[in-house]
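A short write-up of the structure that comes next.
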Amino acid sequence: MKRIVIINGPNLNLLGEREPEIYGSQTLEELNREIEEYAEGKDLKLEFYQSNHEGEIIDLLHRFRKDCDAFILNPGAYTHYSYAIRDAVAAVSPPVVEVHLSDIRSREEFRKISVIEPVAAKQFSGEGTGSYLKAIDFILSL
Ligand code: DQA
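Numbering of the sequence shown is given in the numbering used here, commencing with residue 10 and proceeding in unit increments.
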């Protein structure tokens, strides 16, 4: 059984009401339920966290670094400038799969760069919930 810790970063608690034309109408709870359903029967244990705080995201990576098999991380806007989260991703041994609901390459200039990507095991972007489901499949393939 693989244990996966899923961390959603800032503003993702507002999914459903936050810019639905970009992020869709699904709430974070509904998103998590869909991921949970997808994982059923796949011999996975999923745990879900959300934080609006950079340091808390780092603390979560540290806390589970020795007893999970992989992380799925949507760092929100921290993706584009948090060297502290990048360093944490590089520091922990379980693979960290970076995910984004929207396609960060087809939006504003500042979103085109991910400082996380070079240290992430893989990045899935622009597929809505599908980005998370592909991350699950990727982790299963490891
Ligand atoms: C996001 C993309 C980021 O640029 C943005 O700041 C978010 C969400 C996504 O899932 O598409 O908060 O990570």
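Backbone N, C-alpha and C define an ideal beta-carbon position, used for all residues, glycine too. Note that the structure is a prediction, hence the values are computed from the model and not measured.
Spatially closest choice to residue i from the options, by CA coordinates
{"i": "Ala-129", "options": "Ala-97, Glu-117, Ser-115, Ile-13", "result": "Ala-97"}
{"i": "Asn-41", "options": "Leu-70, Ile-145, Ile-66", "result": "Ile-145"}
{"i": "Lys-131", "options": "Glu-118, Lys-121, Val-108", "result": "Val-108"}
{"i": "Asn-17", "options": "Leu-70, Asp-112, Pro-29", "result": "Leu-70"}
{"i": "Ile-81", "options": "Tyr-90, Tyr-47, Glu-46, Phe-133", "result": "Phe-133"}
{"i": "Ser-91", "options": "Arg-72, Phe-73, Arg-120, Glu-49", "result": "Arg-120"}
{"i": "Glu-65", "options": "Ile-94, Arg-27, Phe-147", "result": "Ile-94"}
Which residues DSSP lists as bridging residue i, in chain order
{"i": "Ile-81", "result": "Ile-15, Val-106"}
{"i": "Phe-57", "result": "Ile-15"}
{"i": "Thr-133", "result": "Here residue 133 is Phe; the residue named in the question, Thr, does not match the sequence. Its beta-bridge partners are Val-108."}
Residue i versus residue j - alpha carbon distance
{"i": "Ile-31", "j": "Arg-116", "result": "10 Å"}
{"i": "Arg-114", "j": "Arg-12", "result": "30 Å"}
{"i": "Ile-44", "j": "Leu-110", "result": "13 Å"}
{"i": "Ser-140", "j": "Leu-149", "result": "14 Å"}
{"i": "Thr-8", "j": "Gly-25", "result": "Because the chain spans 10 through 151 in this model, residue 8 falls outside it and cannot be assessed."}
{"i": "Asn-61", "j": "Val-14", "result": "16 Å"}
{"i": "Tyr-47", "j": "Gly-137", "result": "14 Å"}
{"i": "Glu-28", "j": "Glu-39", "result": "16 Å"}
{"i": "Ala-99", "j": "Gly-50", "result": "31 Å"}
{"i": "Tyr-58", "j": "Ile-122", "result": "24 Å"}
Would the stretch 99-116 and the stretch 73-84 be scored as touching if the rule is three or more Cβ pairs under 8 Å?
yes
Three or more C-beta pairs closer than 8 Å, one from the stretch 14-23 and one from the stretch 83-97: is that the case here?
Taking a cut-off of 8 Å for Cβ pairs, the stretch 14-23 and the stretch 83-97 touch, as three or more such pairs fall below it.
Residues near the ligand DQA, criterion Cβ-heavy atom distance below 6 Å:
Asn-20, Asn-83, Gly-85, Ala-86, Thr-88, His-109, Leu-110, Ser-111, Ile-113, Arg-120
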